[in-house]
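Colleague: Convert by adding 12 to the 1-based position in the sequence shown; the result is the number in UniProt numbering. Handing you this structure, nothing more for now.
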Amino acid sequence: RSDTLRYPRVLLKLSGEALAGDRGFGFDFDRLTFFAQQVEDVVATGAEVGLVIGGGNIVRGAQLSRMGMDRVGADYMGMLGTVINALALQDVLEKRGMDTRVMTAIRMEELAEPYIRRRAVRHLETRRVVIFAAGTGNPYFSTDTAAVLRAIQIKADVIIKATSVDGVYSADPKQDPNARFYETISYRDVMLEELRVMDQTAITLCKENRLPLIVLNINETGAVLRAVRGEKVGTLVS
Ligand code: UDP
């Protein structure tokens, strides 16, 4: 592991929506290339990188269930969406010369490895970027919760949640001009004030396992790299 980095092993959570750019659905390949560049810069420092990707650009289970679908089936569709995203991300990362593995929480061995913790850690140690797909493998969970679970299991030093805003605010900064920005905040306050950082299951897991969480803006070039180095960026939840 790298000694000079504040966080030598990181788990980066990217929402599915981020891959869609302004299109809202599917992929924007310029965005994908941009993310790949951000990841490459982090990998170049010697950091070990795990990625969890959402599926909101393809299917959201809760939304389909509101439209009348059974929630369980809808959630499985959502998880499959994250696999599609993982393969897209793998393609752009490998085109830039990074070694990667996709590991899925639902077995589909023709196209990706099943998630086996010890194997995931081994991949990370050999500097392969591991993309964890299919969420937790369970309906009624989110990819945020999957990200925290994987971060804890692989003993990541930090979880970085990439969003489209600069960090944690007292209200949605896109709607409320008076929203206050937090440079740091405790898990407890995030939970008490019901700030929309991650769902409560994910935040609880972070808190119970004392996993530091950095929320930052993925559209800001170099933000993830600076976070990994321990520079001040985004909001630190701890
Ligand atoms: N999902 C699930 N279990 C999991 C992770 C995800 O059922 O462990 C489903 C759920 O339907 C969710 C969808 O996959 O709506 C896509 O994930 P999410 O909404 O978390 O993606 P994001 O908002 O990060 O793009």
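From the three backbone atoms N, C-alpha and C, an ideal C-beta is built for every residue, glycine too.
Which word fits Leu-44, buried or exposed, when buried means at least 16 other C-beta atoms lie within 10 angstroms of its C-beta?
Modeller: With 16 or more other Cβ atoms within 10 Å, it is buried.
Colleague: What is the rounded straight-line gap between the Cα of Leu-23 and the Cα of Asp-82?
Modeller: C-alpha of Leu-23 to C-alpha of Asp-82: approximately 31 Å in a straight line.
Colleague: Looking at C-alpha atoms only, which residue of Tyr-152, Lys-25, Gln-187, Arg-18 is the closest neighbour of Ile-171?
Modeller: Lys-25
Colleague: Mind checking which residues open and close the beta strand (DSSP E) that includes Val-142?
Modeller: 141-145
Colleague: On the three-state DSSP scale, how would you describe Val-177?
Modeller: coil
Colleague: Just to confirm, does Arg-72 get its C-beta within under 7 Å of one of the non-hydrogen atoms of ligand 1?
Modeller: yes
Colleague: What does the alpha-carbon distance come out to for the pair Lys-186 and Lys-167?
Modeller: 34 Å
Colleague: Start and end of the alpha helix (DSSP H) containing Gly-85?
Modeller: It spans 83-107 - the alpha helix (DSSP H) in which Gly-85 sits, taken as one unbroken run.
Colleague: So the beta strand (DSSP E) Val-114 belongs to, where does it begin and stop?
Modeller: Residues 112-116.
Colleague: If we count the other Cβ atoms within 10 Å of its Cβ and call it buried at 16 or more, is Leu-204 buried or exposed?
Modeller: exposed
Colleague: DSSP three-state label for Arg-208, please.
Modeller: Note: Arg-208 maps to coil in three-state DSSP.
Colleague: Is Ala-183 closer than 8 Å to Ala-191 when the C-beta atoms are compared?
Modeller: yes
Colleague: Which residues mark the beginning and the end of the beta strand (DSSP E) in which Gly-28 is found?
Modeller: Judged by DSSP secondary structure, Gly-28 falls outside any beta strand (DSSP E) and instead within the alpha helix (DSSP H) spanning 28-32.
Colleague: Given 8 Å as the limit, is there contact between the region 114-123 and the region 135-148, that is, 3 or more CB pairs closer than that?
Modeller: Verdict: yes, contact present.
Colleague: Would you kindly report the start and end of the unbroken alpha helix (DSSP H) that includes Ile-164?
Modeller: 155-165
Colleague: Could you spell out the range, first to last residue, of the beta strand (DSSP E) harbouring Val-249?
Modeller: In the DSSP assignment, Val-249 falls within the beta strand (DSSP E) that extends over 247-249.
Colleague: Using 8 Å as the Cβ pair cut-off and three pairs as the minimum, do the region 90-110 and the region 66-73 touch?
Modeller: yes
Colleague: Below 6 Å CB to CB, which residues in the same chain sit around Ser-154 once its five sequence neighbours on both sides are set aside?
Modeller: Closer than 6 Å at the Cβ level, and outside the excluded window around Ser-154, lie Asp-211.
Colleague: Assuming Asp-240 is part of the alpha helix (DSSP H), what are its boundary residues?
Modeller: Note that residue 240 corresponds to Val in the displayed sequence, not to Asp. Per DSSP, Val-240 belongs to the alpha helix (DSSP H) from 235-241.
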